[in-house]
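In the order they appear, the protein sequences are chains A and B.
Residue 343 in the UniProt record's numbering sits at position 343 of the first sequence, and the numbers go up by one each step.
Residue 282 in the UniProt record's numbering sits at position 282 of the second sequence, and the numbers go up by one each step.
The next block holds one structure in the form of structure tokens; read it before the comments.
There are 2 protein chains.
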Amino acid sequence: MSSTLLSRRDLRFLLHDWLEVTRLTERPRYAEHSRETFDAVLDLAERVATERFAPHNRAADLTEPTFDGRRVHIIPQVRQALDVFAETGLLAASMDASVGGMQLPHAVRAACFAWFQAANIGTSAYPFLTLGNANLLLAHGSAEQIDTWVRPMVEGRFFGTMCLSEPQAGSSLADITTRAEPQDDGTYRLHGTKMWISGGDHELSENIVHLVLARIPGGPPGVKGISLFIVPKVLLDADGAPGARNDVVLVGLNHKMGYRGTTNTLLNFGEGVHRPGGRPGAVGHLVGEPHQGLAQMFHMMNEARIGVGAGATALGYTGYLKSLAYARQRPQGRPLADKDPGAPQVPIVAHPDVRRMLLAQKSYVEGALALVLYCGRLLDEEKTAPEAADRERARLLLDVLTPIAKSWPSQWCLVANDLAIQVHGGYGYTRDYDVEQHWRDNRLNPIHEGTHGIQALDLLGRKVTMRDGAGLALLVETVRATVTRAWKAEGEAAELAASLGAALDRVTLVTRRLWGTGDPEVALANASVYLEAVGHVVIAWMWLEQLLVVEADGGPGDGPDADLHAGKRQAARYFFRHELPRTGPQFDLLDSLDRTTLDMRDDWF
Amino acid sequence: MSSTLLSRRDLRFLLHDWLEVTRLTERPRYAEHSRETFDAVLDLAERVATERFAPHNRAADLTEPTFDGRRVHIIPQVRQALDVFAETGLLAASMDASVGGMQLPHAVRAACFAWFQAANIGTSAYPFLTLGNANLLLAHGSAEQIDTWVRPMVEGRFFGTMCLSEPQAGSSLADITTRAEPQDDGTYRLHGTKMWISGGDHELSENIVHLVLARIPGGPPGVKGISLFIVPKVLLDADGAPGARNDVVLVGLNHKMGYRGTTNTLLNFGEGVHRPGGRPGAVGHLVGEPHQGLAQMFHMMNEARIGVGAGATALGYTGYLKSLAYARQRPQGRPLADKDPGAPQVPIVAHPDVRRMLLAQKSYVEGALALVLYCGRLLDEEKTAPEAADRERARLLLDVLTPIAKSWPSQWCLVANDLAIQVHGGYGYTRDYDVEQHWRDNRLNPIHEGTHGIQALDLLGRKVTMRDGAGLALLVETVRATVTRAWKAEGEAAELAASLGAALDRVTLVTRRLWGTGDPEVALANASVYLEAVGHVVIAWMWLEQLLVVEADGGPGDGPDADLHAGKRQAARYFFRHELPRTGPQFDLLDSLDRTTLDMRDDWF
């Protein structure tokens, strides 16, 4: 029986038939790899995710972490799973061999990680947060910091967090107040409170490496005065072994609707709340130069945002497969044409409205997965393309796509989960089936790592305007290349290409129109509509790309991939007929420079 | 401080300024009433909902009912609240004085009930299920049955349920197998299993009156052989007092994602599971004639469906008000124009994207509430209009609107709850705020009392085709009358009327097109898209109606309702600019007689 977490068949199609990841092995960084090693590591990820992560997904939801005032209690299966994960070495899947990494392409790594996210988003958050932390230090930390903190993280002995938000400053990092006072020994002492810190406390690892944004007194106000610090939960002794507790105190756990397996915390740094008379301040180590914290954090943030999109996709995907399996085995009702009340009931997949709900899910989750893997592939280009210009293009395109890769799956794979519940009917609303948990878990994704609205401002306010619009121009040019290929391919792809080409023209025109007014307030008031319209265009592009792979195979046949290809074709049609047209009214609205929300006054609500 | 459950100001606008409910007091049935009595009963509902229902809403979610194998345990606040509710007499708000009713108009009754649904959807389900049961018996039961079963329900001593679904037959009532064997004494003995029975067991009342669909052996197959029975949990002795237990056994409670305050049960009738050797079969009393069960149940079902829409609306409404209150007090960030990082943060309601999320919610929940109250008003017309033709028109229009009044709020007020979470950011994802519970609670509404897909089949397959399309013609004519009034009123209403008129034309055309093919399979495969498009047209109509009330007041002024009216105007604009245009691509799709879902094959998924 095939997995209900992800589809290996689809991963093969996307990674090999479409993205041709094996060709990456022609490059020095990946020269040790082959299609066989890629498949072996995907096997490993599928197996560990299936056997170690999926089985306690519900238990971790039902028995969320608790804090007794002294320590955090987490069901033991979480640590057991994470110990196995550490043994796989997958945390370092894409890292350099020099730090113990496998040097796998990011596209393959992202596919591996999706198995864990589909199996158990709560448990897999611990290593994936740690990875973001480690990657940041690899990019910005000193050799000594990498040796001290990254190596134990790669080995699974230390876990990592990112400490950005504060209770009075969620999306608004300019307003953080945690301060870091320089000491004579070169370290800093931190004082402040951080909110929404995932993995902020637990006993799953020997130590927790917090990466903390704070202000060095005397620095500039706003975001320009933010620096980044390593603040471990436990201080290391002279031999690098964990010794005394640092002054990082867990104030409490947040009790969430979903994602309950991951502790989410309010942390006090240097407040000595539980230890009056303790040392004044939490010991921290500056990463890089002072006042560069935001830029450094954004290095990790972009990665984290694509990771959120990947997690949303994985939750959508498993919900889709589970509702498909349910629809195939649940008998209910009869086909319209069958008037005989004595005839046997048919599986609900036979009903067109159920197929609609399944096909919608398929078009969302496979479209989103394509985008996530495409972003991984761009990261590989950015790191390893032989020509500098290609590396630069990949970086720029990835920059533009990041808010979409974060927000589109967060929005539409949540819709997929909603449809997965609906396919299950009343059963889907009970905790006897997985889909309600996926829906609750997935609801976090439009919030964390920058809300939907923040992504919208990022796309319209920054990404499409930067470098005189070079990012947008590159996106349009890249999509246009697909449209042109599809035109030449003729067949159905050419037909869909016409719709996508027209939508692409509108992206260019409305962007110009929004910024042509000289009134950024009107432009940005419509940023969310813009984000959603451009997102749909990007996913339509992903579907046209997939259709081109199918058509290159020579049209409908009876080969081993005939069903796969017919399904891809039908999902592409679905997206172009049912989804892409949604952008028409959105573009019209943007074109009208709508002021409805801008003109609304608080006292009119 | 104004309530965060519902808005009395909006209720006044809708009930008095728009629906002019006080004019109903000119009719004999409501002659004892006045604007003062209406307001007094709304005061009562608001007070009891606020003081008795809202305070334990979270507790009932966190501590759901449990079953120890012998009895069901429910937190005591539920019974305390229901005892107070019984004292208010509101269960009989719209019933005849002869059975202890207040003879309130349904529009006013619906407004009263919405307070309880907004405060605590789980606890309020018990009386509202009881009401549906009682109304069914008032319509179809014998005088003796009314006396025996309805009176104690009106007094709050007995509660009621509806037992339709079975484990193997959810939406497909044709497949129920519960059988009812006639006895010499005129009673029946029932054997079977019923699933998803809300309020199916508890100790909140002296007795539970189950209304059960079952088959009398020898009857026709399918839905034509279904009869309706009264099956009490506890048999009554010769004096009508509860005596021995009937053979109705609680097998277990369903553990739901939301709506957790309401027990939802799997019940065995006449299986004697816990009492081997017990009497063979559960004692039941036939309601009306044999084989009329489905028609009788549908009498109640239409009422229940509008009630579901009302509940969805109430949950959306309170989520809106809570997110508005949060947005007004939560400081975060600065206006775009303010470049000074030292300037104080502003409440998030100042940000256009937050206003967008609030305005969207306002347009959904106030539009939905208008529809719910309009349906109540139609019920009043159906019962009391002086002319038979008007009563008949009201009945027909209500019949057409019922699937929309059920499904539109269930879909869009859930979206409103999603936006309410988003406005709260990370806090909205925690159980420290109410909005996550509203979202979970509201997710049931597209499922129970006929799923979204079932409503779509009801609208397109039955309601718009019945009597040669008389229902649709009446809907179109009624909306057209508003469009014509708006044309004559000129001003902004005339402008919006043009859009609504065009959308209305498309409703007529696509309906004709879908049924013109002679291929019901294609038509019904697109039923959900049709339902959603027509739903948006209907809500746009509700907004145009409201705008006409505002414009009749003489345009923007500085009277006491200036802010209310400005808000209504802006929400109407929002709906016409951001929402109604969504129907364009939907109509296009319907016009294309789309076969995408129909052509999808199971093995292509």
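By construction, the Cβ of each residue, glycine as well, lies at the ideal position given by its N, Cα and C atoms.
Neighbour-count burial assignment, residue 669(A), 16 or more Cβ in a 10 Å radius: Residue 669(A) lies beyond the range of chain A shown here (1 to 605); nothing can be said about it.
Evaluate the contact criterion for the region 384-400 of chain A versus the region 279-293 of chain A: three or more CB pairs, one atom per stretch, below 8 Å. no
Reference P409(B), options S34(B), T25(B), E532(B), closest by Cα: Numbered from its first residue, the second sequence carries residue 409(B) at position 409. Per the Cα distances, E532(B).
Considering only the alpha carbon of each residue, which of P152(A), Y374(A), A214(A), L204(A) lies closest to A282(A)? Along the first sequence, one-based indexing puts residue 282(A) at 282. Minimum Cα distance to A282(A) is reached at A214(A).
Tell me whether P28(A) is buried or exposed, calling it buried when 16 or more other Cβ atoms sit within 10 Å of its Cβ. Here residue 28(A) is taken as the residue at index 28 of the first sequence, counted from 1. With fewer than 16 other Cβ atoms within 10 Å, it is exposed.
Just how far apart, CA to CA, sit M325(B) and G316(B)? Translated into positions along the second sequence, residue 325(B) becomes position 325. Translated into positions along the second sequence, residue 316(B) becomes position 316. Just to set this straight, residue 325(B) is Ala in the shown sequence, not Met. One C-alpha to the other measures close to 14 Å.
Burial state of P403(A), where buried means 16 or more other Cβ atoms lie within 10 Å: Counting from one through the first sequence, the residue named residue 403(A) turns up at place 403. Buried: at least 16 other Cβ atoms inside 10 Å.
Where E492(A) and L472(A) are concerned, what is the direct C-alpha to C-alpha distance, given to the nearest angstrom? Locating residue 492(A) in the first sequence gives position 492, where the first residue counts as 1. Locating residue 472(A) in the first sequence gives position 472, where the first residue counts as 1. Rounded to the nearest angstrom, the two C-alpha atoms are 27 Å apart.
Taking Cβ-Cβ distances below 7 Å as the criterion, which residues of the region 559-580 of chain A are in contact with chain B? D563, A566, G567, Q570, R573, Y574, R577, H578
Contact list for Q329(B) against chain A, beta-carbon separation under 7 Å: On the second sequence, residue 329(B) is found 329 positions in, with the first residue counted as 1. Result: empty, since nearest Cβ-Cβ is about 12 Å, beyond 7 Å.
Can you pull the chain B residues whose beta carbon is under 7 Å from the beta carbon of W604(A), in chain order? Walking along the first sequence from the start, residue 604(A) turns up at place 604. Per Cβ cutoff of 7 Å: D563, A566, G567, Q570.
Where does M153(A) fall in DSSP's three states? Here residue 153(A) refers to the residue found at position 153 of the first sequence. Here M153(A) sits in helix by DSSP.
Just checking my contact of K362(A) with F605(B) at CB under 8 Å: how many whole Å lie between their CB atoms? On the first sequence, residue 362(A) is found 362 positions in, with the first residue counted as 1. On the second sequence, residue 605(B) is found 605 positions in, with the first residue counted as 1. Going by Cβ atoms, the distance from K362(A) to F605(B) rounds to 6 Å, so yes, they are a contact pair.
Enclosing beta strand (DSSP E) for G491(A) [first to last residue]: For this step, residue 491(A) is matched to residue 491 along the first sequence. First-last for G491(A): 491-516, but that is the alpha helix (DSSP H), not the beta strand (DSSP E).
Below 8 Å, can you find three or more Cβ-Cβ pairs linking the region 508-519 of chain A to the region 432-444 of chain A? no
Taking only beta-carbon atoms, is K488(A) less than 7 Å away from chain B? Position 488 of the first sequence, counting from 1, holds the residue named residue 488(A). Answer no: the Cβ-Cβ gap between K488(A) and chain B never drops below 7 Å.
What's the gap between the Cα of S165(A) and the Cα of L173(A)? The residue given as residue 165(A) occupies position 165 in the first sequence. The residue given as residue 173(A) occupies position 173 in the first sequence. Rounded to whole angstroms, S165(A) to L173(A) spans 7 Å at the Cα level.
Under 8 Å from the C-beta of W196(B): neighbouring residues of chain A: In the second sequence, residue 196(B) corresponds to position 196, counting from 1. Within 8 Å Cβ-Cβ: G426.
Taking the C-alpha atoms as reference points, what is the distance between T66(A) and R391(A)? Within the first sequence, the letter at position 66 stands for residue 66(A). Within the first sequence, the letter at position 391 stands for residue 391(A). Distance between the alpha carbons of T66(A) and R391(A) is about 46 Å.
Quick check on the DSSP output: the beta strand (DSSP E) that includes F229(A) runs from which residue to which? Stepping through the first sequence from its first residue, residue 229(A) is reached at position 229. Where F229(A) is concerned, the enclosing beta strand (DSSP E) stretches over 226-232.
Give me the Cα-Cα distance between A107(B) and V479(B), rounded to the nearest whole angstrom. By 1-based counting over the second sequence, the position of residue 107(B) is 107. By 1-based counting over the second sequence, the position of residue 479(B) is 479. C-alpha of A107(B) to C-alpha of V479(B): approximately 20 Å in a straight line.
Distance between beta carbons of A497(A) and P544(A), contact taken as under 8 Å: Taking the first residue of the first sequence as 1, we reach residue 544(A) at position 544. Taking the first residue of the first sequence as 1, we reach residue 497(A) at position 497. Looking at the sequence itself, residue 544(A) is Leu, so the reference to Pro does not match. Contact flag correct, Cβ pair sits at about 6 Å.
What in chain B is Cβ-close to V349(A), meaning under 7 Å? For this step, residue 349(A) is matched to residue 349 along the first sequence. Against V349(A), the close residues of chain B are D602, in the order they occur along the chain (beta-carbon pairs closer than 7 Å).
Would a check of beta-carbon distances place R12(A) closer than 7 Å to chain B? Sequence index remark: in the first sequence, residue 12(A) carries index 12 (1-based). Not closer than 7 Å to any Cβ of chain B, the Cβ of R12(A) fails to qualify, so no.
Any heavy atom of the ligand COA closer than 6 Å to the Cβ of S407(A)? Of ligands this structure carries none, so the ligand COA is not represented either.
Is it the case that the region 6-22 of chain A contacts the region 34-48 of chain A, given that we only count it when at least three CB pairs across the two stretches are under 8 Å? yes
For M95(A), does the three-state DSSP call read helix, strand or coil? Position 95 of the first sequence, counting from 1, holds the residue named residue 95(A). M95(A): coil per DSSP, three-state reduction.
Own chain partners of P276(B) with C-beta closer than 7 Å, once the 5 adjacent residues on each side are dropped: Against the second sequence, residue 276(B) aligns to sequence position 276. Model confidence at P276(B) stands at a pLDDT of 49, short of 50, so the residue's coordinates are unreliable and nothing is read from them.
Are the beta-carbon atoms belonging to L321(B) and T50(B) less than 7 Å from one another? In the second sequence, counting from the first residue as 1, residue 321(B) sits at position 321. In the second sequence, counting from the first residue as 1, residue 50(B) sits at position 50. For L321(B) and T50(B), no; Cβs fall outside 7 Å.
Check whether the Cβ of S528(A) lies closer than 7 Å to any Cβ atom in chain B. By one-based count along the first sequence, residue 528(A) stands at place 528. With 7 Å as the cut-off, S528(A) counts as an interface residue toward chain B.
Let's test the definition: count the other Cβ atoms within 10 Å of the Cβ of P232(A) and tell me whether it reaches 16, buried, or not, exposed. On the first sequence, position 232 is the one that residue 232(A) refers to. Counting Cβ neighbours within 10 Å, P232(A) comes out buried, since at least 16 surround it.
So the candidates are N207(A), G218(A), N254(A); which of them puts its Cα closest to the Cα of Y427(B)? Position 427 of the second sequence, counted from the first residue, corresponds to residue 427(B). It is N254(A) whose Cα lies nearest to the Cα of Y427(B).
Write down the C-beta distance between L237(A) and F269(A) rounded to the nearest angstrom, noting that I regard them as a contact closer than 8 Å. Here residue 237(A) is taken as the residue at index 237 of the first sequence, counted from 1. Here residue 269(A) is taken as the residue at index 269 of the first sequence, counted from 1. In the sequence as presented, Leu is not what sits at residue 237(A); that position holds Asp. At roughly 21 Å, the Cβ-Cβ gap does not stay under 8 Å, so D237(A) and F269(A) are not in contact.
Taking 7 Å as the threshold (beta carbon to beta carbon), is N120(A) in contact with chain B? Position 120 of the first sequence, counted from the start, is the residue given in the question as residue 120(A). Answer no: the Cβ-Cβ gap between N120(A) and chain B never drops below 7 Å.
From the DSSP secondary-structure annotation, give me the bridge partner or partners of P331(A). Your numbering for residue 331(A) matches position 331 in the first sequence. The beta-bridge partner set that DSSP reports for P331(A) consists of P347(A).
Does any C-beta atom of chain A lie closer than 7 Å to the C-beta of E495(B)? On the second sequence, residue 495(B) is found 495 positions in, with the first residue counted as 1. Not closer than 7 Å to any Cβ of chain A, the Cβ of E495(B) fails to qualify, so no.
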